[in-house]
Amino acid sequence: MSADLAIETHNLGRIYTIRNRRERRIRKEVVALRDVNLQIPRGELFGLLGPNGAGKTTLIKILTTLLAPTTGWARVAGFDVVREPQKIRPRINMVSGGEASGYGLLTVRENLWMFAQFYGLPSREANRRIEELLRRIGLADRIHTKSSDLSTGLRQKMNIVRGFLTDPEILFLDEPTLGLDVNAARDVRRFIREWLDAHPDRTVLLTTHYMVEADELCDRVAIISQGRVLACDSPEALKRRLQRDALFDIEITAPNGLTSAMLEALPGVRKAVLTDDDGGARLNLILAADSALPGVIHVLTERAVQVRHLTKREPTLEDVFVELVGRPLAEEEGSDEQ
Amino acid sequence: MSSEARPFFAPVPKASGWRLFLKTVVARAYPRVIGQQRERSWLFFDVFLSILAVSAYVFVYRAIGAPEEYVGFVVVGGAMTAFWLNVLWSMSSQLYWEKESGNLALYIMAPNSMMAILLGMAVGGIVATALRAAAILLVGSLIFHVQYAVGSLPALAAVFLLTLAALYGLGMMSASLFLLWGREAWHLANLAQEPIYLLSGFYFPVKNLGFWVAVAASIIPLTLGLDAMRQLLFPSGAALGFLTVPVEVAVLAVLCVLFLVAARWLLGYMERMAIREGRLLESRR
Amino acid sequence: MSTPPIYQSTNLPKTLSAAWRSFRIATWLGWQIESNWTDPILFAIYSMLKPLASAAILVVMYGVITNGQFENPIFPYIYLGNAFYIYVGAVMTGVSWAVIDDREHYRTLKYIYVAPIRLPAYWLGRGVARFLTGSFAVLITLAAGVLFLHVPFHPARVDWPLFLLSLMLGVVMLALMGLVLASISLMIAHHFFLIGEAVAGALYLLSGAIFPLEVLPPWLRPLGFAMPITYWLELLRRSLLGDLARGFPTLSGFSNGQLLGILAGLSVLFGLLAAVTYRLCDHQAREKGLIDQTTNY
Numbered sequence: 001m002s003a004d005l006a007i008e009t010h011n012l013g014r015i016y017t018i019r020n021r022r023e024r025r026i027r028k029e030v031v032a033l034r035d036v037n038l039q040i041p042r043g044e045l046f047g048l049l050g051p052n053g054a055g056k057t058t059l060i061k062i063l064t065t066l067l068a069p070t071t072g073w074a075r076v077a078g079f080d081v082v083r084e085p086q087k088i089r090p091r092i093n094m095v096s097g098g099e100a101s102g103y104g105l106l107t108v109r110e111n112l113w114m115f116a117q118f119y120g121l122p123s124r125e126a127n128r129r130i131e132e133l134l135r136r137i138g139l140a141d142r143i144h145t146k147s148s149d150l151s152t153g154l155r156q157k158m159n160i161v162r163g164f165l166t167d168p169e170i171l172f173l174d175e176p177t178l179g180l181d182v183n184a185a186r187d188v189r190r191f192i193r194e195w196l197d198a199h200p201d202r203t204v205l206l207t208t209h210y211m212v213e214a215d216e217l218c219d220r221v222a223i224i225s226q227g228r229v230l231a232c233d234s235p236e237a238l239k240r241r242l243q244r245d246a247l248f249d250i251e252i253t254a255p256n257g258l259t260s261a262m263l264e265a266l267p268g269v270r271k272a273v274l275t276d277d278d279g280g281a282r283l284n285l286i287l288a289a290d291s292a293l294p295g296v297i298h299v300l301t302e303r304a305v306q307v308r309h310l311t312k313r314e315p316t317l318e319d320v321f322v323e324l325v326g327r328p329l330a331e332e333e334g335s336d337e338q
Numbered sequence: 339m340s341s342e343a344r345p346f347f348a349p350v351p352k353a354s355g356w357r358l359f360l361k362t363v364v365a366r367a368y369p370r371v372i373g374q375q376r377e378r379s380w381l382f383f384d385v386f387l388s389i390l391a392v393s394a395y396v397f398v399y400r401a402i403g404a405p406e407e408y409v410g411f412v413v414v415g416g417a418m419t420a421f422w423l424n425v426l427w428s429m430s431s432q433l434y435w436e437k438e439s440g441n442l443a444l445y446i447m448a449p450n451s452m453m454a455i456l457l458g459m460a461v462g463g464i465v466a467t468a469l470r471a472a473a474i475l476l477v478g479s480l481i482f483h484v485q486y487a488v489g490s491l492p493a494l495a496a497v498f499l500l501t502l503a504a505l506y507g508l509g510m511m512s513a514s515l516f517l518l519w520g521r522e523a524w525h526l527a528n529l530a531q532e533p534i535y536l537l538s539g540f541y542f543p544v545k546n547l548g549f550w551v552a553v554a555a556s557i558i559p560l561t562l563g564l565d566a567m568r569q570l571l572f573p574s575g576a577a578l579g580f581l582t583v584p585v586e587v588a589v590l591a592v593l594c595v596l597f598l599v600a601a602r603w604l605l606g607y608m609e610r611m612a613i614r615e616g617r618l619l620e621s622r623r
Numbered sequence: 624m625s626t627p628p629i630y631q632s633t634n635l636p637k638t639l640s641a642a643w644r645s646f647r648i649a650t651w652l653g654w655q656i657e658s659n660w661t662d663p664i665l666f667a668i669y670s671m672l673k674p675l676a677s678a679a680i681l682v683v684m685y686g687v688i689t690n691g692q693f694e695n696p697i698f699p700y701i702y703l704g705n706a707f708y709i710y711v712g713a714v715m716t717g718v719s720w721a722v723i724d725d726r727e728h729y730r731t732l733k734y735i736y737v738a739p740i741r742l743p744a745y746w747l748g749r750g751v752a753r754f755l756t757g758s759f760a761v762l763i764t765l766a767a768g769v770l771f772l773h774v775p776f777h778p779a780r781v782d783w784p785l786f787l788l789s790l791m792l793g794v795v796m797l798a799l800m801g802l803v804l805a806s807i808s809l810m811i812a813h814h815f816f817l818i819g820e821a822v823a824g825a826l827y828l829l830s831g832a833i834f835p836l837e838v839l840p841p842w843l844r845p846l847g848f849a850m851p852i853t854y855w856l857e858l859l860r861r862s863l864l865g866d867l868a869r870g871f872p873t874l875s876g877f878s879n880g881q882l883l884g885i886l887a888g889l890s891v892l893f894g895l896l897a898a899v900t901y902r903l904c905d906h907q908a909r910e911k912g913l914i915d916q917t918t919n920y
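Residue numbers (the numbering used here), protein chains in the order written: chain R, 1 to 338; chain U, 339 to 623; chain Y, 624 to 920.
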């Protein structure tokens with residue numbers, strides 16, 4: 001493997017066995033991850049985009065030495081996650097969104113100081129960094145607040161500071177903006193970007209199910225669904241795959257029995273997604289060419305469905321996801337909880 | 339890259355080896371000591387009410403006309419219950435709570451030793467509990483006019499510290515065990531409370547349980563620790579003692595080493611299981 | 624603008640039905656939490672070992688000092704007091720621990736708070752499981768006493784109506800005391816002890832459970848007489864032991880009826896205290912934002 005790779009995985013897989021508690025029999029096997037091959041160079045902000053239960057957290061757990069793979073191997077900072085966890089741990093850190101860390105009765109500073117100590121950071125330096133990072137993320141005025149008194153968003157910001165405090169070579173951010181409001185999420189994204197700009201040799205692996213986040217932040221994105229990586233490239237390159245296609249959003253009146261399958265049977269229609277919308281429906285189309293549009297309009301007219309609004313637009317990561325997975329991300333949510 | 343991108347902070351050498359170990363111990367002990375000071379309701383429930391509970395046993399002895407030194411036995415036993423409860427509730431069950439609150443994964447993932455985390459909890463627990471134990475001892479001794487006859491203070495201190503070391507070693511060991519047993523942890527801690535009061539002779543000399551029961555009970559460090567402390571504290575202690583103090587000290591020392599080694603091994607086992615099975619670190623609430 | 628309701632909603636049947644629903648669901652939930660952690664055999668062993676060990680401590684203490692004079696009436700006094708005292712810890716802990724468990728462990732207190740249920744009824748329901756396991760523990764302890772330690776028990780001589788009435792009244796009284804503690808639990812952090820057990824441990828001293836109140840220093844005795852548990856335990860002893868219990872000095876001047884009256888009166892007082900404490904603590908907890916705090920340290 002190359003020394004420039006921060007993370008490398010080869011045919012990585014993980015199967016969870018669920019045992020019957022009383023009888024100790026294997027009741028069920030759940031494949032959380034299969035044949036994942038990733039090569040993430042140092043200095044990259046790499047995104048894992050996928051719905052809940054896609055296997056993102058499982059992958060992060062394996063890479064942070066908290067879970068052993070059942071097949072394949074993974075190296076982080078050049079070390080094997082199973083055989084050399086002690087060499088990996090001083091070099092990494094992890095932040096999980098929606099999860100508290102530390103102790104409610106300690107203040108923000110005390111909690112962060114405590115975690116810094118676990119990484120061997122000198123106290124004075126830890127306190128200096130805590131102040132600096134809290135200032136940058138907009139939490140400086142809460143340094144002496146007990147963490148149990150913080151709002152969800154502020155607690156999450158504290159959690160994020162904890163991850164950056166030890167200046168890790170590789171940082172794993174598992175849904176770092178989960179549950180945050182728009183402004184707080186923007187603060188967090190800005191903070192991550194600034195840190196990477198200031199520390200170009202650091203690597204971040206970020207999982208998210210927010211398209212915008214992946215699009216806005218990541219150098220490269222892997223789209224993951226049901227434990228498999230379906231595509232891996234820069235957001236631009238992923239979108240470029242669809243550039244030759246024509247993308248249309250059509251707002252229509254009630255569909256009158258119209259289905260996606262009917263439209264996808266038409267020549268030139270690569271993908272059609274029909275979703276209910278306020279009093280009508282929304283139709284997202286990926287067509288091989290503009291010339292396929294009249295066929296679609298014809299079917300709509302046949303069913304007495306009126307077109308309220310029609311837009312042609314540039315491809316987004318959401319379209320790439322739909323193209324690869326067959327369904328929009330919102331529909332995928334929760335459909336395959338691991 | 340933006341133009342004003344200056345590093346947030348320069349890299350600094352981080353402690354490793356024994357210095358990291360020590361830092362971790364101090365850092366994990368910190369919330370134990372400070373957390374308790376932040377919310378003082380425990381002073382009433384944990385100190386005041388405990389004194390009342392211990393007094394109940396004193397009055398039972400008075401009601402049945404027991405010799406006065408038994409009152410002293412109860413007071414000393416009552417003070418030591420504080421440590422037993424602390425080991426049960428905030429050592430043995432603690433990794434389980436850490437898992438539930440999401441901290442355990444962060445502890446395992448950090449470069450520190452998990453032994454240091456457990457030791458930190460133990461040190462913090464000892465410091466925090468010492469206050470409760472001291473309050474019971476002091477107030478109990480004053481109210482009930484307990485007469486002590488300390489022959490050798492250094493010997494007493496040594497027995498006390500050795501007892502605590504072995505006891506918290508047991509707590510560190512059971513922390514991993516309780517985690518492996520998952521949801522049962524809470525119940526196991528609850529279960530171990532009264533039977534240990536009985537077997538370790540918190541309220542009476544353990545000799546009264548008979549030789550073999552006392553031998554079996556000696557696996558709990560408090561049994562011999564308490565017996566040795568009573569022998570060193572009371573004039574009639576030696577007559578009512580189970581084994582001689584030097585023998586008890588030797589057994590305690592062996593227990594201490596045994597539990598610490600077992601704690602280390604079990605922690606490793608727990609971590610391996612957690613990483614292999616993948617479910618151990620997940621909250622099951 | 625909507626039309627204001629003609630009647631202010633003080634719909635008693637609705638309130639009662641909400642309370643019953645809360646109680647029922649909480650009882651089911653409490654039982655699931657309490658019993659589902661292991662297989663029935665281990666559960667049974669667990670339920671036996673704890674109370675028997677507790678009783679054995681007193682038996683050993685008594686045996687050592689009196690050289691095993693288990694025929695002396697003071698022994699059944701101590702033994703029965705201790706056996707029924709199990710209810711005190713069990714019921715008070717069952718009701719009050721639900722607050723800390725829901726808040727810090729399951730993190731559901733806030734959802735329970737916003738649900739259209741009656742919180743006190745919910746907490747009482749959560750206490751039922753502990754009451755049932757506690758009953759089992761009491762039975763086991765009593766059986767051990769009768770079979771192995773000469774605790775006198777003659778079913779024909781037991782005043783069953785008095786026993787059942789006292790037991791029921793006592794459990795209600797303990798549940799109300801549990802509610803006081805549940806309300807206080809809203810205000811305090813998650814410490815490493817059970818508030819119910821801690822308070823029960825302390826009241827052990829004051830309620831004449833294991834020694835007559837005369838043994839206490841005179842200045843502490845009034846507190847003992849103010850405790851409903853004192854009268855409850857006396858009633859249970861009298862109903863089970865008959866004339867033997869009349870030998871205990873503390874409450875010999877009172878008839879059974881008087882004792883029942885005092886117990887009922889004090890229970891009502893504790894009911895009022897529970898209502899006031901609940902209102903105060905609920906208000907304070909919401910004002911300080913403590914409903915969804917996690918205080919682990």
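A virtual CB, placed ideally from N, CA and C, is assigned to each residue, including glycine.
Nearest candidate by alpha-carbon position, reference residue i, set the options
{"i": "P841 of chain Y", "options": "Y:L829, Y:G793, Y:I852 and Y:R749", "result": "Y:L829"}
{"i": "P872 of chain Y", "options": "U:A365, U:A401 and U:G563", "result": "U:A401"}
{"i": "G43 of chain R", "options": "R:L12, R:G53, R:I7 and R:L67", "result": "R:I7"}
{"i": "S291 of chain R", "options": "R:V322, R:G102 and R:K312", "result": "R:K312"}
{"i": "F707 of chain Y", "options": "Y:G768, Y:Y685, Y:N634 and Y:P778", "result": "Y:G768"}
{"i": "L230 of chain R", "options": "R:R14, R:L38 and R:K28", "result": "R:L38"}
{"i": "R753 of chain Y", "options": "Y:A798, Y:L859 and Y:L867", "result": "Y:A798"}
{"i": "S388 of chain U", "options": "U:L433, U:I455, U:P405 and U:A473", "result": "U:A473"}
Contact set for residue i: own chain, Cβ-Cβ below 6 Å, skip 5 residues either direction
{"i": "E820 of chain Y", "result": "G712 and T716"}
{"i": "L178 of chain R", "result": "G97 and G98"}
{"i": "L836 of chain Y", "result": "R844, G847 and T873"}
{"i": "F693 of chain Y", "result": "L772 and H773"}
Cα-Cα separation between residue i and residue j, rounded to whole angstroms
{"i": "Q338 of chain R", "j": "P349 of chain U", "result": "Bear in mind that a pLDDT of 33 at Q338 of chain R, under 50, signals an unreliable position, so the number given afterwards is only what the model happens to contain. About 39 Å."}
{"i": "V781 of chain Y", "j": "N695 of chain Y", "result": "19 Å"}
{"i": "L785 of chain Y", "j": "A766 of chain Y", "result": "20 Å"}
{"i": "T57 of chain R", "j": "I648 of chain Y", "result": "35 Å"}
{"i": "W113 of chain R", "j": "M453 of chain U", "result": "19 Å"}
{"i": "I709 of chain Y", "j": "G416 of chain U", "result": "20 Å"}
{"i": "L242 of chain R", "j": "Q432 of chain U", "result": "53 Å"}
{"i": "D336 of chain R", "j": "I223 of chain R", "result": "Low local confidence applies: a pLDDT of 38 at D336 of chain R is under 50, so the model's placement there is unreliable, and no value is given."}
Residue i CB to nearest heavy atom of the ligand MG below 6 Å
{"i": "F549 of chain U", "result": "Among the ligands in the structure shown, none appear at all, so the ligand MG cannot be discussed."}
Counted within 10 angstroms of its Cβ, other Cβ atoms place residue i as buried (16 or more) or exposed
{"i": "G691 of chain Y", "result": "exposed"}
{"i": "S439 of chain U", "result": "buried"}
{"i": "V465 of chain U", "result": "exposed"}
{"i": "A265 of chain R", "result": "exposed"}
{"i": "I297 of chain R", "result": "exposed"}
{"i": "T764 of chain Y", "result": "buried"}
{"i": "T362 of chain U", "result": "buried"}
{"i": "V592 of chain U", "result": "exposed"}
Own chain residues within Cβ distance below 8 Å of residue i, not counting five before or after
{"i": "L681 of chain Y", "result": "I701, Y702, N705 and I833"}
### Task
Can you give me, in chain order, the residues of the stretch 141 to 162 of chain R that have a beta carbon less than 7 Å from any beta carbon in chain Y?
From the stretch 141 to 162 of chain R, only S148 have a Cβ closer than 7 Å to chain Y.
### Task
Determine which residues of the stretch 857 to 886 of chain Y have a Cβ less than 7 Å from any Cβ of chain R, and write them out in chain order.
Going along the stretch 857 to 886 of chain Y in chain order, one finds no residue with a Cβ nearer than 7 Å to chain R.
### Task
Could you run through the stretch 177 to 205 of chain R and flag, in chain order, every residue whose CB is less than 9 Å away from some CB of chain U?
If the cut-off is 9 Å between Cβ atoms, the stretch 177 to 205 of chain R has R193, E194, W195, L196, D197, A198, H199 and P200 near chain U.
### Task
Return the residues of the stretch 435 to 451 of chain U that lie within a Cβ-Cβ distance of less than 8 Å from chain R, sorted by chain order.
Of all residues in the stretch 435 to 451 of chain U, the ones placed with a Cβ closer than 8 Å to any Cβ belonging to chain R are S439, G440, N441, A443, L444, Y445, I446, M447, A448, P449 and N450, in chain order.
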